[in-house]
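Asker: Submitted below is the structure of interest, expressed as structure tokens.
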Amino acid sequence: MADSHTVARDELRHSLGELAGNPPTEAIDIDPGETAEWLGSLDYVLKSKGPDRVRYLLQLLRLRAAREGVQLPAETSTPYINTIPAKEQPPYPGNREIERRIKSIIRWNATAMVTRANTKFEGLGGHISTYASSATLYEVGFNHFFRGRGADGYSGDIVYFQGHASPGMYARAFLEGRLTEQQLENFRRELQPGGGLSSYPHPWLMPGFWEFPTVSMGLGPIMAIYQARFNKYLKDRGLKDTSQQKVWAFLGDGECDEPESLGAITLASRERLDNLIFVVNCNLQRLDGPVRGNGKVIQELESIFLGAGWNVIKVVWGGDWDPLLSRDDADLLVRRMGEVVDGQYQKYVAMPGSYIRQHFFGKYPELLEFVKNYSDERLEKMRRGGHDPEKVYAAYKRAVENPDGRPTVVLVKTIKGYGLGEAGEGRNVAHNQKKLAKESLLEFRNRFGIPISDEDVGGAPFYKPPESSFEMKYLRERRAALGGFIPSRPAEHPKSEVPTLADYEKFTQGSEGKEMSTTMGFVRLLTALCRDKRIGRNVVPIVPDESRTFGMEGMFRQVGIYAHSGQLYEPVDSDQVLYYKEAKDGQILEEGITEAGSMSSFNAAGTAYATHGINMIPFYIYYSMFGFQRIGDLIWAAADMRAKGFLIGGTAGRTTLNGEGLQHQDGHSHLNAIAFPTVRAYDPAFAYETTVIVLDGLRRMFQEGEPGIYYITVENENYIHPDMPPGVEEGIVRGIYPLRSQDVEGQVARVQLFGSGAILRMALQAQELLAERFKVASDVWSVTSYTQLRRDAADCERWNMLHPTEAPRRSYLEQVLEGRQGPFIAASDYVRAWTEQIGRWIPGDYYCLGTDGMGRSETRENLRRHFEVDAESIAIAALWRLSKQGVFDSHRLASAIQELGFDADKPNPYFA
Ligand SMILES: Cc1ncc(C[n+]2csc(CCOP(=O)(O)OP(=O)(O)O)c2C)c(N)n1
Ligand SMILES: [Mg+2]
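In this note's numbering, the protein residues as written are -14 to 897.
Written out as structure tokens, the structure is:
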């Protein structure tokens, strides 16, 4: 006996030590009498004064020991059993039998939907096993916890569903009468008449149903954290009482390996997000195999979340284990539970009860004794916690009632492919199981008692009980009591009255001879918008620790930095006017160095119109290099979830942010942005252009209700900004307008020069060079958006192809360039592919200069020469294209290159 105890203890020590990174500290009991005295005292205090007193005394002992230099291991792991013991489990409020039947039918329909789709159309895909493992987690939520949107349409809980569990959500919505059989039939076939169902949660594709895209793993959890924080922000700023709305995030245990999943969990505890509940579906498997075959994912996650200051509720074992645990006075069963690794637990799922008896209980004779009256079949059926509604209910109840200001994670042990039997239950192939053969369907039907005949079962028909059935009534009643169906997303959205250009005329005027950057121009505009009577309160400035870089520190004092706890210290710069002001009603979200977190805030704010019924207007300003490139997937999610707002790419341009070198100098974010269909990307050169673009965006998104995201690059180069010329507003918004023409007496030719952002000034300088030195006249155009121009032109072109007999449509670009002769020379601070994208619609020879190649540190001047986007480079390109047309002598060009001080044999920046 003593032997098996020692073995078990040693193994437990070993595994805990490994998991917590602590050396084993448990010493051999050298004085059992003394030990008994201490334990007796503890029992006495617990009985007579309760657990709070025990906690107090233990904390005191810990403190005393630490002061005396006694190191204790960090308490980041508890035994491998349920956090809530059976005796603390609340009674289950629902009808277990009806709920089980409803759940079984949903299981069946989810499986049938995927099976049918893949039987008819091989390779269509879909997942059966994820929902099979998490059905109980969802059904307990749907029947007892998830609050619907309620009478006002915006009071519900906010639920991030695990993406691969979507078949279960569709199957439930089918029973709820929200989806038709035809729609289920068209799972993953969205182009069918009447529509189909999107593979995963995609609000872009199902805007009346899904709210949050989650299937790019890791994005759901981080967005949920920032959503929960945004809900607090809305409340603290007096915009909406969100105190009853919980944020639930369901995620996979494999998904926890994504850096985004756990990367922001300390924010949740720091900000006291007691409105946030993570539910991690620990089925111990990911796609290829076990998540932690040689360890225990639940224990590992527990340590991480406890260390980060979360409430951790483990739901490991179902109620079948309670009688055994209650007899486990020597803690031997708990130890055995703790020493077995996940890979082995997975094996038990696939093996008969005799194997479990021999290998799990059989390790210690006492445990074998424990289960001697249990049949093999009974051992096989003993459930994991996540398949026991009472255990799940108890955990959720505690999570929801959690009074201590901390976020909660529920770690639930489940079985991947639960109920699929040989076809996948707990098998490594479970994730990719896309259809069940007839025998498996039969087995599944029997196991869950679905009333479908032997004859029909092979066709995997859908099953819906009659409307008058108990199941259907119960299902509807529960949802009605909880405030309506979820997920759901309103079709109508609030409209705001936004300011017009006339209201912001001041911002269309130049800088009155003073130098400033487009960034400064933008910050002035943003400051004014924050004060705007109509929309000021709804503006959400978001920065990842770059305010000073962008000259925004003035806003700290003006609108304050949001801090739930206010400002608990006297700021070091409190004697200055623009001190670092944190306030409970602060407006700026100063996120610290996390672009992923900042973007998640953008997504929460940008969808507040649909989630909360309030048009919140995010302006997320960041180093443009760390946007599309670094957190592009979150921007993609923003587009999917129809977020609205402004992304401001600061310090943009490969040569304009000169000193920082190749990890900062962005010469390609505009290229990346091309691939985001709803992103309207602009590279303005002057403050008035930014003003026109922002006001147009406000109108379209928040007044007229269009979805869309604006991406505007701004730079830190200072120069004089002119007044807005008359009549250019449309051109600015659509992407191009003529800025300045220069004729020359006795001119030899004329060229068209395109410039954008800071490089527009290089085009203007080239214009002068060409005129003065080479008698070449030119027109300079400000191209604010090559991408918008291309979209419009490509759209017209496509229409023309498909309507060959009708009068052709002409794109904006074709209209404004009509009658212009080439050559056309474009120069920008971005890679050439960006400007080249409009080549097909330019009515003449078109040549582009850009900043292809790796960046480096230098002065702006030298960098622009290096990348060949300076005025001389533009002039040379123009003369060369003229010489190709025979209008300019090539020998004269050769000497011009020399005259302009350009080294014809310098390395090509493309490869340098
Ligand atoms: C960012 C990202 N990488 C990879 C995938 C592909 N993928 C889909 S599901 C899956 C395994 C999921 O395992 P887990 O998170 O444990 O969820 P389970 O299905 O087991 O509940 C993988 C690798 C993805 N969807 N997103
Ligand atoms: Mg998993």
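For each residue, glycine too, the CB sits at the ideal point set by N, CA and C.
Just curious, the alpha helix (DSSP H) that Arg86 is in, first and last residue?
Answerer: Run containing Arg86: 81 to 105, per the alpha helix (DSSP H) assignment.
Asker: I'd like to know whether the C-beta atoms of Ile823 and Tyr815 end up nearer to each other than 9 Å.
Answerer: Contact flag unset, no.
Asker: CA-CA distance, Ile69 and Gln572?
Answerer: About 40 Å.
Asker: Any beta-carbon of chain D closer than 9 Å to the one on Arg685?
Answerer: Of the protein chains in the structure, only one exists, and it is not chain D.
Asker: Helix, strand or coil: which one does DSSP assign to Ser767?
Answerer: Of the three classes helix, strand and coil, the one that applies to Ser767 here is strand, per DSSP.
Asker: For the putative contact between Gly900 and Gly829, defined by C-beta atoms under 8 Å, what is the C-beta separation to the nearest angstrom?
Answerer: Any question about residue 900 goes unanswered here, given that the chain covers just -14 to 897.
Asker: Given 8 Å as the limit, is there contact between the stretch 136 to 153 and the stretch 104 to 118, that is, 3 or more CB pairs closer than that?
Answerer: Touching, per the Cβ criterion.
Asker: Between which two residues does the alpha helix (DSSP H) carrying Ala862 extend?
Answerer: Unbroken alpha helix (DSSP H) run through Ala862: 856 to 869.
Asker: Does at least one heavy atom of ligand 1 sit under 8 Å from the Cβ of His112?
Answerer: Correct: His112 has its Cβ closer than 8 Å to ligand 1.
Asker: Of all the options Leu632, Thr165, Glu580, which has the alpha carbon lying nearest to the alpha carbon of Tyr448?
Answerer: Measuring from the Cα of Tyr448, the nearest candidate turns out to be Thr165.
Asker: Can you give the beta carbon distance from Ala581 to Glu245, rounded, assuming they're within the 8 Å contact cut?
Answerer: Contact flag correct, Cβ pair sits at about 6 Å.
Asker: Going by alpha carbons, who is nearest to Ile898 out of Ile810, Asp651, Glu497, Leu511?
Answerer: The chain is shown only over -14 to 897; residue 898 falls outside these bounds and no answer can be derived.
Asker: Can you round the beta-carbon distance between Tyr695 and Ile678 to whole angstroms, since I take them to be within the 8 Å contact cut?
Answerer: Contact flag correct, Cβ pair sits at about 7 Å.
Asker: Assign Ala628 to one of two classes, buried (16 or more other C-beta atoms within 10 Å of its C-beta) or exposed (fewer than that).
Answerer: The residue in question, Ala628, is buried, as its Cβ has 16 or more Cβ neighbours within 10 Å.
Asker: Does the stretch 603 to 610 come close enough to the stretch 527 to 534 that 3 or more CB-CB pairs lie under 8 Å?
Answerer: At 8 Å Cβ cutoff, the stretches touch.
Asker: Are the stretch 739 to 754 and the stretch 789 to 808 touching by the rule of at least three beta carbon pairs closer than 8 Å?
Answerer: Touching, no, given that fewer than three Cβ pairs across the two stretches are closer than 8 Å.
Asker: Output the boundary residues of the alpha helix (DSSP H) element that contains Gln737.
Answerer: Element bounds for Gln737: not the alpha helix (DSSP H) but the beta strand (DSSP E), 734 to 740.
Asker: Taking the DSSP output, what are the residues bridged to Leu31?
Answerer: In DSSP, Leu31 forms no bridge with anything.
Asker: Between the Cα of Val325 and the Cα atoms of Phe687, Asp780, Tyr65, which residue gives the shortest distance?
Answerer: The shortest Cα separation from Val325 among Phe687, Asp780, Tyr65 belongs to Tyr65.
Asker: For Glu482, which residues of its own chain have a beta-carbon under 7 Å away from its beta-carbon, when the five flanking residues on both sides are left out?
Answerer: Contacts found: Arg519, Gln688.
Asker: Can you have a look at Ala881 and say buried or exposed, based on whether 16 or more other CB atoms are within 10 angstroms of its CB?
Answerer: With 16 or more other Cβ atoms within 10 Å, it is buried.
Asker: Leaving out five residues before and five after Glu853 in sequence, what residues of the same chain have Cβ atoms less than 7 Å from its Cβ?
Answerer: Leu834, Pro894, listed in sequence order.
Asker: Nearest by alpha-carbon distance to Val125: which of Glu107, Tyr139, Gly371 is it?
Answerer: Here the closest residue by C-alpha is Gly371.
Asker: If you drop the 5 nearest sequence neighbours on each side, which residues of the same chain put their C-beta closer than 8 Å to that of Arg463?
Answerer: Contacts found: Gly79, Phe127, Asn128, His129.
Asker: Give, in chain order, every unbroken run of the beta strand (DSSP E) that is at least 3 residues long and sits entirely within the stretch 192 to 231.
Answerer: Fully enclosed beta strand (DSSP E) runs of 3 or longer: not present.
Asker: On the DSSP letters alone, give me the boundaries of the beta strand (DSSP E) that Lys398 sits inside.
Answerer: Residues 393 to 398.
Asker: For Gly237 versus Asn266, is the C-beta spacing smaller than 9 Å?
Answerer: Yes, Cβ-Cβ distance for Gly237 and Asn266 is below 9 Å.
Asker: Determine the contact status of Ser842 and Asn701, defining contact as a CB-CB distance below 9 Å.
Answerer: Taking 9 Å as the Cβ cut-off, Ser842 and Asn701 do not qualify as a contacting pair.
Asker: Measure the C-alpha to C-alpha separation of Val385 and Ala672 and round it to an integer number of angstroms.
Answerer: Rounded to the nearest angstrom, the two C-alpha atoms are 49 Å apart.
Asker: What number of angstroms, rounded off, separates the C-alpha of Ser184 from the C-alpha of Glu857?
Answerer: Roughly 53 Å separates the two Cα atoms.
Asker: Can you name the residues that DSSP bridges to Ile827?
Answerer: Answer by DSSP bridge pairing: none, since Ile827 is not bridged.
Asker: Return the residue from the list Gly731, Leu122, Met709, Val557 that minimises the CA-CA distance to Pro723.
Answerer: Of the listed residues, the one whose Cα sits closest to Pro723 is Met709.
Asker: Buried or exposed: where does Gln650 fall if 16 or more other Cβ atoms within 10 Å of its Cβ makes it buried?
Answerer: Looking at its Cβ environment, which holds 16 or more other Cβ atoms inside 10 Å, Gln650 is buried.
Asker: With a threshold of 7 Å on Cβ separation, who are the neighbours of Arg163 within its own chain once the five nearest residues in sequence on each side are excluded?
Answerer: Phe470.
Asker: Output needed for Phe455: all residues of its chain with C-beta closer than 6 Å, excluding positions within five of it in sequence on either side, in chain order.
Answerer: Here the set comprises Ile83.
Asker: Look at Ala622 and Pro17 and say whether their C-beta atoms are less than 9 Å apart.
Answerer: Not a contact, by the Cβ cut-off of 9 Å.
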